[in-house]
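*Asks:* Have a look at the structure that comes next, please.
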Amino acid sequence: MVQFVGVPQMRRWIATVGAEPIVAAMMDAVEEDLRHWRRFDKTARIASHSPVGVIELMPTSDGAQYAFKYVNGHPSNPSRGLQTVTAFGVLADVSSGYPVLMAEMTLLTALRTAATSGVAARALARPGSTHLALIGAGSQAEFQALGMRAAVGIESVAVWDTDPAALDKFERNMRGSGLRVRRASSAADAVAGADVITTCTADKTNATVLTADMIEPGVHVNAIGGDCPGKTELEAAILTQADVVAIEFEPQTRIEGEIQQMPANFPVTALWDVLNREAPGRTADAQITVFDSVGFAMEDFSALRFLLASVHGTDFVEEIDLIADPADPKDLFGLTVTEHARA
Ligand code: NAD
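First residue of the sequence shown: 11, per the numbering used here; consecutive thereafter.
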């Protein structure tokens with residue numbers, strides 16, 4: 011039997027435990043796997059592009075477990091009442107090849123993306139960061155805000171989105187969170203005085219959500235919305251201005267990240283090297299750091315293994331009969347013969 015966490019179970023799990031405590035604990039799982047990156051099979055995700063979006067497969071394995079995620083990115087979907095990003099995924103046992111867990115991953119991706127942002131900010135943001143600017147108030151936004159509090163202890167958020175309804179929704183969802191929320195009038199207004207800036211907009215274009223003149227000394231930029239060829243958020247000058255541009259898996263990020271705008275030899279630092287102290291991260295308060303996040307398969311692996319450990323044996327998971335597994339492994343056909351026909 012395969013463990014199954016569908017949307018109802020995932021919703022109940024998050025509502026019961028809380029998004030912030032989950033992201034806080036998931037950060038440790040993501041960080042542990044990133045620190046052990048050498049154990050993992052690493053490939054850039056397999057992307058199928060269309061004029062309106064992308065469908066991707068994201069596989070990886072540490073030799074004991076294997077995971078993949080199916081995920082899409084369609085920035086115009088919300089105008090049709092659909093999510094920009096949806097996903098599901100599987101965790102499997104390498105020794106048998108059998109899947110052990112199948113899960114919805116639209117919500118889980120929001121948690122794991124917040125956890126990954128948190129891991130990067132823990133490593134790179136200035137100590138004592140308390141103020142977040144959030145550009146883009148869509149599906150990822152609340153998870154990013156709560157995750158950043160879990161990571162570095164932010165107390166206030168200035169939020170900007172070109173869609174006033176998204177701002178209304180963010181304010182509504184954050185009511186009672188304890189975070190002080192300020193509705194900004196522009197991106198420049200939002201980022202003024204921020205310690206950490208998270209950009210999580212969706213537009214299938216080389217957008218300029220942030221320009222270099224908006225970046226103050228000491229800020230950490232967490233750029234998550236530029237994650238496809240031809241889809242970026244930062245003015246290129248921000249990358250040249252930054253002291254550290256941290257990335258996930260370089261061959262993937264060179265194609266998909268903000269650094270697709272830069273020459274092939276533009277200097278970057280692997281986040282896992284910073285975590286392992288094999289490369290310097292921030293070395294002074296006044297430095298500007300950027301995490302050019304695109305989302306890497308290892309983070310989904312971490313999220314799935316963390317989910318399985320968290321829900322195993324609870325009613326947040328059920329079993330599904332997904333794998334045909336006859337008692338006689340050679341008699342697969344026998345599964346198709348009814349008792350009646352046998353008689
Ligand atoms: P969404 O469509 O729900 O929200 C995006 C928001 O951005 C919308 O509210 C939209 O109005 C706003 N927006 C668009 N252009 C803007 C601009 N110029 N200024 C301000 N706001 C603007 O999407 P989502 O699910 O929240 O995802 C956000 C982005 O993050 C997407 O691009 C998605 O592909 C990306 N993403 C990245 C990762 C990762 O690991 N790096 C993971 C998940 C999602």
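We put the CB at the ideal spot given by N, CA and C, even for glycine.
Given 8 Å as the limit, is there contact between the segment 231-247 and the segment 180-195, that is, 3 or more CB pairs closer than that?
*Replies:* No, because fewer than three Cβ pairs between the segment 231-247 and the segment 180-195 fall closer than 8 Å, the two stretches do not touch.
*Asks:* Thinking C-beta only, is Ala161 closer than 8 Å to Gly128?
*Replies:* Yes, they are a contact pair.
*Asks:* May I ask you to check if the CB of Ile265 is nearer than 7 Å to at least one heavy atom of the ligand NAD?
*Replies:* Because no heavy atom of the ligand NAD lies under 7 Å away, the Cβ of Ile265 does not count as near it: no.
*Asks:* Work out the CA separation of Lys52 and Gln154 for me, nearest whole Å.
*Replies:* Straight-line Cα distance between these residues: approximately 26 Å.
*Asks:* Report whether the distance from the Cβ of Gly146 to the nearest heavy atom of the ligand NAD is below 7 Å.
*Replies:* Under cutoff, so the answer is yes.
*Asks:* Sorry if obvious, but does the Cβ on Gly305 come closer than 7 Å to a heavy atom of the ligand NAD?
*Replies:* Yes.
*Asks:* Smallest Cα separation from Glu243: which of Asp325, Leu144 and Met308?
*Replies:* Among Asp325, Leu144 and Met308, the Cα nearest to that of Glu243 belongs to Leu144.
*Asks:* Would the C-beta of Ser195 count as close to the ligand NAD, meaning under 7 Å from any of its heavy atoms?
*Replies:* No, the beta carbon of Ser195 sits no closer than 7 Å to any heavy atom of the ligand NAD.
*Asks:* What I want to know is whether the C-beta of Gln271 ends up closer than 7 Å to one or more non-hydrogen atoms of the ligand NAD.
*Replies:* Not under cutoff, so the answer is no.
*Asks:* Check whether the Cβ atoms of Ala135 and Val206 lie closer than 8 Å to each other.
*Replies:* In this structure, Val206 lies closer than 8 Å to Ala135 by Cβ.
*Asks:* State yes or no: is the C-beta of Ala256 within less than 8 Å of the C-beta of Thr279?
*Replies:* Contact flag set, yes.
*Asks:* Relative to the C-alpha of Val95, which candidate in Thr70, Ala34, Phe343 and Leu121 has its C-alpha closest?
*Replies:* Here the closest residue by C-alpha is Leu121.
*Asks:* What span of residues does the beta strand (DSSP E) with Thr218 cover, start to end?
*Replies:* Counting along the chain, the beta strand (DSSP E) containing Thr218 begins and ends at Asn216 to Leu220.
*Asks:* List the residues that DSSP assigns as beta-bridge partners of Tyr80.
*Replies:* Leu67 and Phe98.
*Asks:* On the DSSP bridge list, what partners appear for Asn232?
*Replies:* Looking at the DSSP assignment, Asn232 forms a beta bridge with Thr208 and Phe301.
*Asks:* How big is the Cα-Cα spacing for His141 and Gly163?
*Replies:* Looking at the two C-alpha atoms, the distance is approximately 9 Å.
*Asks:* Under the three-state reduction of DSSP, which class applies to Pro88: helix, strand or coil?
*Replies:* Reduced to three states, the DSSP call for Pro88 is helix.
*Asks:* Closer than 8 Å, CB to CB, is Ile207 near chain C or not?
*Replies:* No chain C appears in the structure shown, which is made up of a single protein chain.
*Asks:* For Thr208, count neighbouring Cβ atoms within 10 angstroms of its own Cβ and tell me buried if that reaches 16, exposed if not.
*Replies:* Thr208 comes out buried.
*Asks:* Tell me the rounded alpha-carbon separation between His84 and Ala246.
*Replies:* Cα to Cα, the separation comes out at about 24 Å.
*Asks:* Starting from Val12, follow its DSSP beta bridges and name the residues at the other end.
*Replies:* For Val12, which the question treats as bridged, DSSP gives the partners Ile330.
*Asks:* On the three-state DSSP scale, how would you describe Glu226?
*Replies:* Looking at Glu226 - three-state DSSP - the assignment turns out to be coil, as it is neither helix nor strand.
*Asks:* Which residues in the same chain as Ser58 place their Cβ atom closer than 8 Å to its Cβ, once the five residues preceding and following it in sequence are excluded?
*Replies:* Closer than 8 Å at Cβ, skipping near neighbours: Val64, Ile65 and Glu66.
*Asks:* Once the 5 residues before and after Ala204 are set aside, which same chain residues still bring their CB inside 8 Å of it?
*Replies:* Excluding positions up to five away in sequence, the list reads His141, Leu142, Ala143, Ala168, Glu226 and Val229.
*Asks:* For Pro239 and Asp302, what's the separation of their Cα atoms in angstroms?
*Replies:* The alpha-carbon atoms of Pro239 and Asp302 are separated by roughly 13 Å.
*Asks:* Check for me: the beta strand (DSSP E) holding Pro109 runs from which residue to which?
*Replies:* Taken as a continuous stretch (DSSP letters only), the beta strand (DSSP E) holding Pro109 covers Pro109 to Glu114.
*Asks:* According to the neighbour-count rule (16 or more other Cβ atoms, all chains shown, within 10 Å of its Cβ), is Val347 buried or exposed?
*Replies:* Answer is exposed; the Cβ neighbour count stays below 16.
*Asks:* For the alpha helix (DSSP H) containing Glu243, list its first residue and its last residue.
*Replies:* Not the alpha helix (DSSP H): Glu243 falls in the beta strand (DSSP E), residues Thr242 to Leu244.
*Asks:* Around the Cβ of Thr123, are there at least 16 other Cβ atoms within 10 angstroms (buried) or fewer (exposed)?
*Replies:* Answer is buried; the Cβ neighbour count reaches 16.
*Asks:* Just to confirm, is the Cβ distance from Arg315 to Gln19 under 8 Å?
*Replies:* No. Outside cutoff.
*Asks:* Quick one: does the C-beta of Thr211 sit closer than 7 Å to a heavy atom of the ligand NAD?
*Replies:* At least one heavy atom of the ligand NAD is nearer than 7 Å to the Cβ of Thr211, so yes.
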